[in-house]
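So for the sequence shown, our numbering puts the first residue at 79; every next one is plus one.
Every residue gets a Cβ at the ideal spot worked out from N, C-alpha and C, and that includes glycine.
Worksheet for the structure shown next.
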Amino acid sequence: MDFKEHFNLSEQILYVNTPGNGLIPKETLAWRRNWDETFFDIHTDLRDKQADFLSEVKASISTLFNTNSENTFLTPNFSFGYNTLIESLPTDFEFLVLADEYPSLQYPLINRRLSFQEVPVSTNVEERILEAIETQRPDVFVFSVVQYISGLKIDLGFIQQLKKTFPEMWIIVDATQYLGTEPFDFKASGIDALACSGYKWLLSGFGNGFITLSDGLADFLNGMLKDIPRPKAAMWQTKSLLGTFFEPGHQDTLAHGTLQQSLKFLERMGLREVGAHLEEVRNEAYELLDERGFLLDICKRANRSSLINIQIDPALYPNLLQSGVKCFPRGTGIRIGLHLYNDKEDVHRLIEIIESLR
Ligand SMILES: Cc1ncc(COP(=O)(O)O)c(C=O)c1O
79 MDFKEHFNLS EQILYVNTPG NGLIPKETLA WRRNWDETFF DIHTDLRDKQ ADFLSEVKAS
139 ISTLFNTNSE NTFLTPNFSF GYNTLIESLP TDFEFLVLAD EYPSLQYPLI NRRLSFQEVP
199 VSTNVEERIL EAIETQRPDV FVFSVVQYIS GLKIDLGFIQ QLKKTFPEMW IIVDATQYLG
259 TEPFDFKASG IDALACSGYK WLLSGFGNGF ITLSDGLADF LNGMLKDIPR PKAAMWQTKS
319 LLGTFFEPGH QDTLAHGTLQ QSLKFLERMG LREVGAHLEE VRNEAYELLD ERGFLLDICK
379 RANRSSLINI QIDPALYPNL LQSGVKCFPR GTGIRIGLHL YNDKEDVHRL IEIIESLR
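If you want it as structure tokens, here you go:
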């Protein structure tokens with residue numbers, strides 16, 4: 079399937095910066111323009127129907143990722159949902175985290191002075207996680223499915239098994255560098271909380287994201303918070319207890335509507351088809367990069383993500399930009415991402431440009 083036709087691309091630009099921010103489908107962009115006009119048109123009543131509209135956004139999240147709408151909350155980004163969750167957990171909980179995570183994951187533990195241990199990220203990271211859990215018995219394990227610098231992807235089959243072995247341990251996940259790249263079933267995943275920003279692989283622009291909870295974690299939080307007096311004001315009568323934490327104020331229908339449009343777009347394209355396409359493009363990239371010694375050793379695993387840190391001098395970044403390659407220097411190399419608007423030709427073009435610069 080040709081996914082490129084759905085995006086505003088340019089011959090001059092090789093866009094591989096999805097780990098920074100993803101493109102928006104043409105259809106979503108058209109919807110945004112129209113929504114802004116009609117939403118603020120004095121004649122329409124869209125401004126009076128925001129709650130219904132936002133419920134439909136949650137329904138779209140549930141349809142694509144098999145989440146429970148009641149336990150799904152719309153947030154402006156990953157960090158808001160995650161911070162709110164961390165704030166709601168008992169302060170004596172022990173956390174297990176991965177080293178060198180995106181700062182928004184560890185810092186909310188550090189600035190609340192919560193107790194945590196780190197697992198270094200290595201080729202056999204799943205084994206290391208298991209050892210750490212067996213010895214330390216944390217209350218919570220937190221991780222990003224795809225690591226933002228290296229691109230290492232945690233094996234989600236391992237996570238499913240982990241939940242079976244340690245059903246008492248809460249598993250909290252950042253899916254920002256992952257969701258949108260293949261089919262994903264939240265209820266079957268073993269994950270208790272998944273939070274995500276929409277502007278990267280979900281192709282949804284800024285200002286939107288969500289957090290979704292398993293029934294078990296939602297029950298636990300409701301139990302902990304049950305003595306808090308319920309709001310008395312009529313306008314909050316329908317807000318759930320967890321909603322008063324995760325969705326405390328008005329939300330932007332433009333931002334969340336954009337998320338909904340792009341989720342519908344991904345549904346139309348089919349996440350299975352997107353996943354198959356990415357696997358093909360990714361395999362080509364891994365092979366060509368590996369031949370040239372451009373891959374990080376820890377990422378030489380069967381389980382691959384679409385985020386790749388190319389081991390070339392990050393000082394080449396300005397030259398890459400000059401050649402039209404939208405990418406970003408991260409860690410010891412240049413970070414790229416391959417999404418549905420990329421193909422094998424893009425991979426070849428990228429390799430040619432890199433070789434011309436070295
Ligand atoms: C792993 C990971 N999680 C989350 C985010 C985004 O979180 P937020 O939009 O809250 O800054 C990023 C952005 O780079 C990321 O790389």
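Checklist entry - Going along the chain, which residues of its own chain have a beta-carbon closer than 6 Å to the beta-carbon of G98, five neighbours each way excluded? => result Taking the first residue of the sequence shown as 1, we reach residue 98 at position 20. Closer than 6 Å at Cβ, skipping near neighbours: F406.
Checklist entry - Thinking C-beta only, is I390 closer than 8 Å to I414? => result Within the sequence shown, the letter at position 336 stands for residue 414. Within the sequence shown, the letter at position 312 stands for residue 390. Contact flag unset, no.
Next on the checklist: Given a cut-off of 8 Å on the beta-carbon distance, is the pair G287 and G159 in contact?
Outcome noted: For the purposes of this step, residue 287 is taken as the residue at position 209 of the sequence shown. For the purposes of this step, residue 159 is taken as the residue at position 81 of the sequence shown. Taking 8 Å as the Cβ cut-off, G287 and G159 qualify as a contacting pair.
Next on the checklist: Between which two residues does the beta strand (DSSP E) holding A271 run?
Outcome noted: Locating residue 271 in the sequence shown gives position 193, where the first residue counts as 1. Residues A271 to S275.
Next on the checklist: Assuming contact is defined by CB atoms lying nearer than 8 Å, are I91 and G402 in contact in what I supplied?
Outcome noted: Your numbering for residue 91 matches position 13 in the sequence shown. Your numbering for residue 402 matches position 324 in the sequence shown. Closer than 8 Å, so yes.
Checklist entry - Along the chain, where does the alpha helix (DSSP H) that runs through I164 open and close? => result Translated into positions along the sequence shown, residue 164 becomes position 86. I164 -> alpha helix (DSSP H) spans F156 to S166.
Next on the checklist: Between which residues of its own chain and G268 is the CB-CB distance below 8 Å, once the five residues before and five after are set aside?
Outcome noted: Taking the sequence shown and counting its residues from 1, one reaches residue 268 at position 190. For G268, where only same-chain residues beyond five positions count, the Cβ hits under 8 Å are I237, Q238, Q239, L240, K241, K242 and I249.
Checklist entry - Does ligand 1 have a heavy atom nearer than 7 Å to the CB of T96? => result Taking the first residue of the sequence shown as 1, we reach residue 96 at position 18. The answer is no for T96.
Checklist entry - What residue does the beta strand (DSSP E) around V220 start on, and which one ends it? => result Reading the sequence shown from its first residue, position 142 is the one you call residue 220. Looking at the DSSP string, the run of the beta strand (DSSP E) that includes V220 is V218 to S222.
Item to check | Three-state secondary structure (DSSP) of R436 | outcome: Residue 436 sits at position 358 when you count from the first residue of the sequence shown. Note: R436 maps to coil in three-state DSSP.
Checklist entry - When you compare each of S383, S193 and F219 to E443 by their alpha carbons, which one comes out closest? => result The structure shown does not extend to residue 443, since the chain is modelled only from 79 through 436, so no value can be given for it.
Checklist entry - Under 8 Å, do D252 and S292 count as touching if we go by C-beta distance? => result Translated into positions along the sequence shown, residue 252 becomes position 174. Translated into positions along the sequence shown, residue 292 becomes position 214. Contact: no.
Checklist entry - The alpha helix (DSSP H) with S193 in it runs from where to where? => result As a position in the sequence shown, residue 193 is number 115, starting the count at 1. Looking at the DSSP string, S193 is not in any alpha helix (DSSP H); the run it does join, the beta strand (DSSP E), is S193 to V197.
Item to check | Any alpha helix (DSSP H) of 4 or more consecutive residues that is wholly inside the region 358-419 | outcome: Segments of the alpha helix (DSSP H) lying fully in the region 358-419: 395-400.
Next on the checklist: Can you tell me where the alpha helix (DSSP H) holding F171 begins and where it ends?
Outcome noted: Within the sequence shown, numbered from 1, the residue matching residue 171 stands at position 93. Counting along the chain, F171 falls outside any alpha helix (DSSP H), and DSSP gives it neither H nor E.
Checklist entry - Secondary structure at F288, three-state DSSP: helix, strand or coil? => result Residue 288 sits at position 210 when you count from the first residue of the sequence shown. F288: strand per DSSP, three-state reduction.
Item to check | Exposed unless 16 or more other CB atoms sit within 10 angstroms - verdict on T259 | outcome: Your numbering for residue 259 matches position 181 in the sequence shown. Counting Cβ neighbours within 10 Å, T259 comes out buried, since at least 16 surround it.
Checklist entry - Going straight from the alpha carbon of N146 to that of T290, what length do you get? => result Translated into positions along the sequence shown, residue 146 becomes position 68. Translated into positions along the sequence shown, residue 290 becomes position 212. Across the structure, N146 and T290 are spaced so that their CA atoms are roughly 8 Å apart.
Item to check | Own chain, CB closer than 6 Å to E246, minus 5 neighbours either side, in chain order | outcome: Locating residue 246 in the sequence shown gives position 168, counting from the first residue. Answer for E246: no residue qualifies.
Item to check | Pocket of ligand 1 (residues with CB nearer than 6 Å to any heavy atom), chain order | outcome: Summarising the contact set, residues whose Cβ lies nearer than 6 Å to any heavy atom of ligand 1 are, in chain order, N155, F156, S157, Y180, S182, S222, Y226, D252, T254, Q255 and S275.
Next on the checklist: Which residues does DSSP list as the beta-bridge partners of K231?
Outcome noted: Translated into positions along the sequence shown, residue 231 becomes position 153. According to the DSSP secondary-structure assignment, K231 is paired through a beta bridge with V224.
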